[in-house]
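Per the numbering used here, the sequence shown starts with residue 5, numbered consecutively. Glycine included, C-beta positions come from ideal geometry on N, C-alpha and C. Structure first, commentary second.
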Amino acid sequence: MTRPSQPPGSPAARFPQNAHLQGLLQAACRLEVNLEASDVAGQWLYRPDERTLYVWEPDLENESLSFLVVILAHELGHVLDFDEKPHYREVIRTLHWSQVPEEIERSAFIRGFRILEALGIPVSLEAYLQMIEEPVAAQVGAALRAGEGVAFPDGFLEPSARQARLQRSCG
């Protein structure tokens, strides 16, 4: 799989070469999400008003591939949740990033795991849950075991004219 087309200094271009990460970056590109460097120490943040995912760049060199896969899937979960649940935008509009309600985080973690499954990225539920703090990890685990959550909108993984065009532009 080729790397999504990004300027050389962009966070997407700095991700480690790994097929699973590239699959997630491909999904981000197809979702038309911009990746930028985060200026909040240690934080990856999604800004739905800017359609931008802010990446804490030191993680790209200092964290494990498993961590990067999980956090990127989680952030893509936010992207899709904010697209499908517009009321989430209203909920967070006046909040500091550290005040985002647990429900929004939980939903993105559930969706993130479903994204990993849909893309065939081999992360066990147990390994995934170990990267989530309690009590959210237990709630996410229970929801996933109960069959909750979807990855992408219907047809996202199937070819269409728009997706074919995006696929070409995403590499």
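Around the C-beta of Val44, fewer than 16 other C-beta atoms lie within 10 Å, and the residue is accordingly described as exposed.
In its own chain, leaving out the 5 sequence neighbours on each side, no residue places its CB closer than 6 Å to the CB of Ser70. Per DSSP, the unbroken beta strand (DSSP E) holding Val59 starts and ends at Thr56 to Val59.
When DSSP states are grouped into helix, strand and coil, Arg51 belongs to the strand group. Here DSSP, grouped into helix, strand and coil, assigns Leu161 to coil.
Looking from the CA of Met135, the closest CA among Leu72, Gly159 and Leu80 belongs to Leu72. For Ala150, the closest alpha carbon among the candidates Ile114, Trp48 and His100 is that of Ile114. Taking 8 Å as the upper bound for CB-CB distance, Leu39 and Leu64 are not in contact here, some 11 Å apart.
Assigned with DSSP and collapsed to three states, Leu28 falls in helix.
Within the region 52 to 137, the runs of beta strand (DSSP E) at least 3 residues long that lie entirely inside it are, in chain order, 56 to 59.
Take the alpha-carbon of Thr98 and the one of His91: they are about 13 Å apart. For Ile108, same chain residues with a beta-carbon under 8 Å away, outside a window of 5 residues either side, are His82, Asp85, Tyr92, Val95 and Ile96 in chain order. The residues Arg110, Phe113, Ile114, Leu133 and Ile136, in chain order, have a CB closer than 7 Å to that of Val144 in the same chain once the five nearest residues on each side in sequence are set aside. Less than 9 Å divides the Cβ of Leu123 from the Cβ of Leu28. Here Ala41 carries a strand assignment [DSSP, helix/strand/coil]. The shortest C-alpha to C-alpha distance from Arg118 to any of Ala147, Glu106 and Val104 is the one to Ala147. As the crow flies, the alpha-carbon of Asp87 is around 20 Å from that of His100. For Pro15, the enclosing alpha helix (DSSP H) begins and ends at Pro15 to Arg18.
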